[in-house]
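Student: Position one of the sequence shown corresponds to residue 231 (the numbering used here), numbered consecutively onward.
Attaching a single structure in structure tokens format; questions to follow.
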Amino acid sequence: MYNSFSGEVPVSLGKCKSLLWVRLKHNGLTGGVPDNFWGLRRVYLLELDENLLSGQVSPSISNAHNLSILLISGNQFSGPILDEIGLLGNMVVFFGSGNSFTGRIPASMVKLRQLDRLDLSKNELIGGIPKGISKWVNLNELNLANNRLSGRIPSEVGSLPVLNYLDLSRNLFSRKVPIKLQNLKLNLLKLSNNQLFGELPPLYANEIYSKSFPCNPGLSGDIVGLCPDTGKSKNRQYLWILRSIFILASVVFVVDC
Numbered sequence: 231m232y233n234s235f236s237g238e239v240p241v242s243l244g245k246c247k248s249l250l251w252v253r254l255k256h257n258g259l260t261g262g263v264p265d266n267f268w269g270l271r272r273v274y275l276l277e278l279d280e281n282l283l284s285g286q287v288s289p290s291i292s293n294a295h296n297l298s299i300l301l302i303s304g305n306q307f308s309g310p311i312l313d314e315i316g317l318l319g320n321m322v323v324f325f326g327s328g329n330s331f332t333g334r335i336p337a338s339m340v341k342l343r344q345l346d347r348l349d350l351s352k353n354e355l356i357g358g359i360p361k362g363i364s365k366w367v368n369l370n371e372l373n374l375a376n377n378r379l380s381g382r383i384p385s386e387v388g389s390l391p392v393l394n395y396l397d398l399s400r401n402l403f404s405r406k407v408p409i410k411l412q413n414l415k416l417n418l419l420k421l422s423n424n425q426l427f428g429e430l431p432p433l434y435a436n437e438i439y440s441k442s443f444p445c446n447p448g449l450s451g452d453i454v455g456l457c458p459d460t461g462k463s464k465n466r467q468y469l470w471i472l473r474s475i476f477i478l479a480s481v482v483f484v485v486d487c
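Written out as structure tokens, the structure is:
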């Protein structure tokens, strides 16, 4: 951790069956992670973030039954987030931001009932938030920003009892902001740069949330910072052109007379 290690993760490390934690953060490690390293049965902390690691997470991670904290942000991992992640029932923290993960968030992840923090921001994920996330009763932070997620924001998000950080900004979410989000006691809410539309729930029509919703052209409400409705903007521009033509025609008519 915070050294200057370089090169690849040695295959021999995957044979250390007694390892309880691995901290290799912020080095210059490159290449793929050996399959057997992902599946170490006793490891509860796997900290590989801020390296130059690449390739895909191995399905052998399903053998890491004791894994509670998985920190792999700031690398070059690619491919899908595996269904096998949902088999890690002791998972409390999963940080995988700043990689090149693709595909959908696997439905199996809703089984992670102990999950406290989930950060999959700055990837290339598509599709929607899986159904059943109301099972994440211990979730405190959810960050899925800067992906290509789409569809509606599920109202289930509003039933997460201890959630206080929600960032879904810079995606392709559409439809209305769920009324149930008002049930949350959030310290931070970011839904900006999506395709949301309709009236904001009453609680959010407040200056406190002025930075939570910018650049959703279809949203309306008494709050500063909302992007203007593009449709209304075009209508106004069209009316202005018609008015100008009418005035010009009137002037020409008067001159001719």
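Beta carbons are placed, not taken as given, at the ideal position from N, Cα and C, and that holds for glycine.
Computed from a prediction, not measured in an experiment: that's the story for all the values here.
In the structure shown, what three-state DSSP assignment does Glu429 receive?
Tutor: Locating residue 429 in the sequence shown gives position 199, where the first residue counts as 1. In the structure shown, Glu429 sits in a strand (DSSP, three-state: E or B).
Student: Just grab the DSSP bridge partners of Gly448 for me.
Tutor: Taking the first residue of the sequence shown as 1, we reach residue 448 at position 218. Note: Gly448 sits in a beta bridge opposite Phe427.
Student: Label Ala337 either buried or exposed according to how many other C-beta atoms from any shown protein chain fall within 10 Å of its C-beta, with 16 as the threshold for buried.
Tutor: Numbered from 1 along the sequence shown, position 107 holds the residue referred to as residue 337. Classification for Ala337: exposed.
Student: Comparing C-alpha positions only, which one of Ser399, Ser330, Gln425, Leu390 sits nearest to Leu416?
Tutor: Position 186 of the sequence shown, counted from the first residue, corresponds to residue 416. Checking every option, the nearest Cα to that of Leu416 belongs to Leu390.
Student: Taking the runs of the alpha helix (DSSP H) that are 4 residues or longer, which of them lie wholly in the region 258–295?
Tutor: If we require 4 residues or more, the alpha helix (DSSP H) runs fully inside the region 258–295 come out as 265–268.
Student: Going by beta carbon distance, what residues of the same chain come within less than 6 Å of Trp490, once the five residues before and after it are set aside?
Tutor: Residue numbering for the chain in the displayed model covers 231 to 487; residue 490 lies beyond these limits and cannot be assessed.
Student: Have a look at Gly326 and Ser385 and give me their C-alpha separation to the nearest angstrom.
Tutor: The residue labelled residue 326 in the question sits at position 96 within the sequence shown. The residue labelled residue 385 in the question sits at position 155 within the sequence shown. Going by the C-alpha atoms only, they are around 24 Å apart.
Student: Identify, in the order they occur along the chain, each residue of the same chain with its Cβ nearer than 8 Å to the Cβ of Lys247, setting aside the five sequence neighbours on each side.
Tutor: Taking the sequence shown and counting its residues from 1, the one referred to as residue 247 is at position 17. So the list reads Leu270, Arg271, Arg272, once near-sequence residues are dropped.
Student: Quick one: grab the DSSP three-state call for Leu318.
Tutor: Indexing the sequence shown from 1 puts residue 318 at position 88. DSSP places Leu318 in coil when its eight states are reduced to three.
Student: Leu396 and Leu421: beta carbons closer than 9 Å?
Tutor: Within the sequence shown, the letter at position 166 stands for residue 396. Within the sequence shown, the letter at position 191 stands for residue 421. Yes, the pair counts as a contact, with Cβ atoms nearer than the cut-off.
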